[in-house]
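Asks:
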Amino acid sequence: MPSHLEHIKSASRFLRGGIAEGLADPLTGAISDDDTKLLKFHGSYQQDDRDIRDERRRQKLEPAYAFMLRARLPGGVMTPAQWLAFDALASDYASSGLRITTRQTFQWHGIIKRNLKASIAAIDAAMASTIAACGDVNRNVVCNTNPVESAAHELAYAWAVRLSEHLKPKTRAYHELWLDGEKLVGEPEHEPLYGPTYLPRKFKIGLAIPPLNDVDVFAQDLGLVAIVRGGELTGFNVAIGGGMGASHGDPTTYPRLADVIGFVPPERLLALAEAVISVQRDWGDRDERKHARLKYTLDRRGLDAFKAEVERRLGATFEPAREFRFEHNGDRYGWIQGHAGRWHLTLQVESGRLLDRPGQTWLSGMRELAGVHTGDIRLTCNQNLIIANVEAGDRGLIDAIVARHGLDGYRKHSAIRQHAIACVALPTCGLAMAESERYLPQLLPKLEAVLDRHGLIDTPILLRLSGCPNGCSRPYLGEVALVGRGPGRYDLRLGADLRGQRLNQVYRENVDEAAILEALDPLFARYAAERDAGEGFGDFLLRQAILAPPPSRRITATVLT
Ligand code: SRM
Ligand code: SF4
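According to this note's numbering, the sequence shown is numbered sequentially starting from 4.
(1) Looking only at its chain, what residues have a beta carbon closer than 8 Å to the beta carbon of residue 368, apart from the 5 residues adjacent to it on each side?
(2) Considering only C-alpha positions, which residue in the set 21, 482 and 419 is nearest to residue 453?
(3) Can you look up residue 177 in the DSSP assignment and give me helix, strand or coil?
(4) Just list the residues that DSSP pairs residue 364 with in beta bridges.
(5) Check whether the stretch 226 to 243 touches the stretch 195 to 214, taking contact to mean three or more Cβ pairs, one atom from each stretch, closer than 8 Å.
(6) Does the distance from the C-beta atom of residue 497 to that of residue 443 stay below 8 Å?
(7) Could you give the DSSP three-state label for residue 513: helix, strand or coil?
(8) Could you pull the DSSP bridge partners for residue 235 from this structure?
(9) Since residue 495 is in the alpha helix (DSSP H), which residue starts that stretch and which ends it?
(10) So what does DSSP say about residue 372, is it helix, strand or coil?
(11) Where does residue 562 sit, in a helix, a strand or coil, going by DSSP?
(12) Can you say whether residue 560 is buried or exposed, counting buried as having 16 or more other CB atoms within 10 angstroms of its CB?
(13) Which full runs of the beta strand (DSSP E) of 3+ residues lie inside the stretch 302 to 362, going along the chain?
(14) Touching or not, the stretch 59 to 75 and the stretch 106 to 124, by the rule of three or more beta carbon pairs under 8 Å?
(15) Where do the ends of the beta strand (DSSP E) carrying residue 392 lie?
(16) Is the separation between the beta-carbon of residue 385 and that of residue 334 shorter than 8 Å?
(17) For the alpha helix (DSSP H) that residue 140 lies in, which residues bound it at each end?
(18) Is residue 428 close to the ligand SF4? I mean its beta-carbon at under 7 Å from any heavy atom of the ligand.
(19) Taking 7 Å as the cut-off, is the beta-carbon of residue 205 closer than that to any non-hydrogen atom of the ligand SRM?
(20) Output the boundary residues of the alpha helix (DSSP H) element that contains residue 96.
(21) According to DSSP, is residue 11 part of a helix, a strand, or is it coil?
(22) Report all residues from its chain with a CB closer than 6 Å to the CB of residue 547; omit the five preceding and five following residues, and keep chain order.
(23) Going by the beta-carbon positions, is the gap between residue 451 and residue 356 smaller than 8 Å?
(24) With a threshold of 7 Å (Cβ to nearest heavy atom), would residue 495 be considered close to the ligand SF4?
(25) Fully enclosed by the stretch 501 to 552, which alpha helix (DSSP H) runs are 4 residues long or longer?
(26) How close, in whole Å, do the beta carbons of residue 171 and residue 135 come, if the pair is a contact with beta carbons under 8 Å?
(27) For residue 469, write down the residues that DSSP places opposite it in a beta bridge.
(28) Are residue 241 and residue 146 close, meaning C-beta to C-beta below 8 Å?
(29) Please specify which runs of the beta strand (DSSP E), each continuous and at least 3 residues long, are wholly inside the stretch 110 to 168, giving them in chain order.
(30) For a test of the three-state rule: what should DSSP assign to residue 80, helix, strand or coil?
(31) Could you pull out every residue in the same chain whose Cβ sits closer than 7 Å to the Cβ of residue 383, ignoring the five residues on either side in sequence?
(32) Would you list the one or two residues that DSSP bridges to residue 71?
(33) Is the Cβ-Cβ distance between residue 2 and residue 476 less than 8 Å?
(34) Suppose the cutoff is 7 Å on Cβ atoms and the five residues either side in sequence are ignored; what does the same chain contact list for residue 278 look like?
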């Protein structure tokens, strides 16, 4: 039997539901439960401040409702003017600055109901949107921000934008609700790709340009590996069925890496994406949302059957996948020269949270920088940012602003700090079981002390924290990862690589900080003493049989070099 959400979608008149009436109701800071589900398709989540939830209940007050808003920003690229508009929105309506997400866009937290419409209108005025940033549709298309292969980036980024536009819902509801667009009268509305019930579940696309896998391309429902030969983009290897989410104690849910199924030339890309999405639309599980992602459809129906159906709808067969090699899934900090003599500066933003704090006036610093910068600004899937396309002569000015506002942490930080990612979790995330973003600054100095003792302070180790098993920081791809179980308790997972090609595994279940540090200390000691030159921590743990060998995977078997 179709889930309740399927009924909500089909009765919603293409995502309208009762949102307008809910927004107009002055008696509550919330909207109806059913409408909160539809609101996601418009890019917003209703949340409440969990820090004060109990206190409000004791005082017989309704929860402190507020809305999180997420932009649709394909490839994470924006102009300085857009930056300033997003910053103004953070100051005018939101409560905790600008938050760079793990899908290279912005979130604003704490927007109260009466300001939601003005906030979305402000994003629209900045020539951006929030449509389909969340919901059962194709989400923000992520793209490698590669300043090294900057010519290839331009090509791949252009495809990310085309995919994003092509796969955007066509409903007029967004314009009607938020932008005072004219109401559609008479003519029936139509969603050519999605239909009236949209997809069974969220759908994510990512483009990577080897050798960098900063988008974690195998964590995407549809991962595209750009194949660049002699400076030309020849096409994309296609990988399907990645996803991170799982539930504790439910083995029918699991993180899964995408399988490479072949190669398509650029001119087939839009049709390919449509074909994959349409098969998932028709074959995906609409009864049980826990099993509705593409990864479960593939495992239920079989990869070969799915691929054959995609080929049938595409009217073409896949060419064999091309060879490629990833070196890293992190960001490269500092200045890098791209093509056409332009420079790119990657800055680290811990947990992606841009706020003004003593000695770290990051929000003000970026405002000043956006005021003088003539290139573009990019967000990365590791929650960092790039001041891109800088003229050589402007580098000094930019460095000075960066240093004055304490944005130069990348020069000073330990290697583990540089590669750490944490999801939002408490107090806004309704699904959080443990702290994540707020815990990272407490955990890092303790980890750094252990690493320093073993002479590993400059050795990159990929750390990822998530407050629950949904995996928003892609923790299953961390060399060291904590996945929240309950207040102060986490699963400690170890053993991924630094390239986003191998999932980690549980090493200690449901442990506290003391047990985490105690478990890691002897492993770091052995790693320091016995590692091969250049060997990553995860690779070391497998070579030493400290962890069981992972199941062999198609991606490694076929095309990786
Ligand atoms: Fe996520 C749900 C935050 C990237 C898997 N995610 C949520 C919600 C909306 C909680 C909710 O449903 O009520 C979180 C809002 C927290 C808050 O207060 O802001 C949330 N997810 C985030 C962000 C902001 C984490 C971050 O720290 O940056 C990321 C926003 C991305 C974006 O801009 O679109 C974010 N989420 C991810 C990723 C990583 C990725 O896509 O590369 C994943 C794992 C990949 C995947 O989808 O499999 C991810 N989020 C989930 C899931 C589990 C989905 C599943 O298949 O089981 C949920 C829960 C759900 O959908 O039911 C979830
Ligand atoms: Fe919330 Fe869990 Fe995602 Fe963290 S991983 S943001 S706790 S849903």
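All residues carry an ideal CB built from backbone N, CA and C; glycine is no exception.
Replies: Taking the structure as given:
(1) Numbered from its first residue, the sequence shown carries residue 368 at position 365. Once the five neighbours on either side are set aside, the close Cβ partners of residue 368 are 404, 405, 407, 408, 409 and 410.
(2) Residue numbering aside, residue 453 sits at position 450 when the sequence shown is read from its first letter. Of the candidates 21, 482 and 419, the one whose C-alpha sits nearest the C-alpha of residue 453 is 419.
(3) By one-based count along the sequence shown, residue 177 stands at place 174. Helix at residue 177.
(4) Taking the first residue of the sequence shown as position 1, residue 364 is located at position 361. 359.
(5) Segments in contact, yes.
(6) For the purposes of this step, residue 497 is identified with residue 494 of the sequence shown, where counting begins at 1. For the purposes of this step, residue 443 is identified with residue 440 of the sequence shown, where counting begins at 1. Going by C-beta atoms, residue 497 is not nearer than 8 Å to residue 443.
(7) What you label residue 513 is simply residue 510 of the sequence shown in a count that begins at 1. Looking at residue 513 - three-state DSSP - the assignment turns out to be strand.
(8) Taking the first residue of the sequence shown as position 1, residue 235 is located at position 232. Bridge partners of residue 235: 232.
(9) Looking up residue 495 in the sequence shown gives position 492. Where residue 495 is concerned, there is no enclosing alpha helix (DSSP H), although the beta strand (DSSP E) it sits in stretches over 492 to 497.
(10) By 1-based counting over the sequence shown, the position of residue 372 is 369. Looking at residue 372 - three-state DSSP - the assignment turns out to be helix.
(11) Counting from one through the sequence shown, the residue named residue 562 turns up at place 559. A caution first: residue 562 carries a pLDDT of 47, below 50, which makes its placement in the model too unreliable to give a value.
(12) Here residue 560 is taken as the residue at index 557 of the sequence shown, counted from 1. Residue confidence is low: residue 560 scores 36 on pLDDT, short of 50, so the model does not pin down where it sits. Its coordinate-derived value is still stated next. Residue 560 is exposed by the Cβ-count criterion.
(13) 337 to 340 and 346 to 350
(14) yes
(15) The count along the sequence shown starts at 1 and reaches residue 392 at position 389. Unbroken beta strand (DSSP E) run through residue 392: 388 to 393.
(16) The residue given as residue 385 occupies position 382 in the sequence shown. The residue given as residue 334 occupies position 331 in the sequence shown. In this structure, residue 334 lies closer than 8 Å to residue 385 by Cβ.
(17) Residue 140 sits at position 137 when you count from the first residue of the sequence shown. Run containing residue 140: none; DSSP gives neither H nor E here.
(18) By one-based count along the sequence shown, residue 428 stands at place 425. At least one heavy atom of the ligand SF4 is nearer than 7 Å to the Cβ of residue 428, so yes.
(19) By 1-based counting over the sequence shown, the position of residue 205 is 202. Yes, the beta carbon of residue 205 sits closer than 7 Å to at least one heavy atom of the ligand SRM.
(20) For the purposes of this step, residue 96 is identified with residue 93 of the sequence shown, where counting begins at 1. Unbroken alpha helix (DSSP H) run through residue 96: 83 to 96.
(21) One-based indexing of the sequence shown puts residue 11 at position 8. Helix.
(22) Along the sequence shown, read from residue 1 onward, the residue named residue 547 stands at position 544. Within the same chain, residue 547 has no close Cβ partners at all.
(23) Mapped onto the sequence shown, residue 451 falls at position 448. Mapped onto the sequence shown, residue 356 falls at position 353. No, the Cβ-Cβ distance between residue 451 and residue 356 is not below 8 Å.
(24) Locating residue 495 in the sequence shown gives position 492, counting from the first residue. Checking every heavy atom of the ligand SF4 against the Cβ of residue 495, none is found closer than 7 Å.
(25) Qualifying alpha helix (DSSP H) stretches, in chain order: 516 to 533 and 540 to 546.
(26) Locating residue 171 in the sequence shown gives position 168, where the first residue counts as 1. Locating residue 135 in the sequence shown gives position 132, where the first residue counts as 1. Yes, they are in contact, since the Cβ atoms of residue 171 and residue 135 sit about 6 Å apart, within 8 Å.
(27) Within the sequence shown, numbered from 1, the residue matching residue 469 stands at position 466. According to DSSP, which records beta bridges pairwise, residue 469 is partnered with 486.
(28) As a working mapping, residue 241 is identified with position 238 in the sequence shown. As a working mapping, residue 146 is identified with position 143 in the sequence shown. The answer is no: Cβ separation not under 8 Å.
(29) none
(30) Against the sequence shown, residue 80 aligns to sequence position 77. In this structure, residue 80 counts as strand in the three-state DSSP scheme.
(31) In the sequence shown, residue 383 corresponds to position 380, counting from 1. Cβ within range, chain order: 79, 107, 148, 217, 334 and 389.
(32) Taking the sequence shown and counting its residues from 1, the one referred to as residue 71 is at position 68. The partner list for residue 71 (beta bridge, DSSP) reads 48.
(33) For residue 2 there is no data in the structure shown, the boundaries of the chain being 4 and 564.
(34) Looking up residue 278 in the sequence shown gives position 275. 313, 316 and 317.
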